[in-house]
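For reference, the structure is listed below as structure tokens.
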């Protein structure tokens with residue numbers, strides 16, 4: 001009869017996101033947009049994630065500075081004013 005062993009999964013830890021340097025990312029995206037480097041070479045040269053360089057370089061409607069400053073995750077549903085009015089009505 002085969003022996004059954006318990007499968008132990010490693011402890012899940014929160015991944016740190018957006019740990020790259022903003023200045024390096026700006027340079028990498030600019031190089032890709034100017035077509036002086038490809039995404040892989042720019043990512044290796046500046047030490048930033050390739051897929052992030054690729055995604056930000058595709059955002060032609062934004063400047064390099066705006067593309068790099070985009071917040072992570074889903075946007076908020078409520079406006080700040082509506083949120084404040086809800087909070088004040090709840091605690092009144």
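Numbering (UniProt numbering), first residue to last: 1 to 92. All C-beta atoms, glycine included, are put in the ideal place defined by N, C-alpha and C.
Comparing C-alpha distances from residue 68 to each of 24, 14, 91 and 77 shows the shortest one belongs to 24. Of the residues assessed, residue 14 falls on the exposed side of the cut-off, its CB having fewer than 16 other CB atoms within 10 angstroms.
When only Cα atoms are considered, residue 37 and residue 66 end up about 21 Å apart.
Fewer than three Cβ pairs drawn from the stretch 53-65 and the stretch 80-88 lie within less than 8 Å of each other, which leaves the two stretches out of contact. By the beta-carbon neighbour count (other beta carbons within 10 angstroms, threshold 16), residue 26 is buried.
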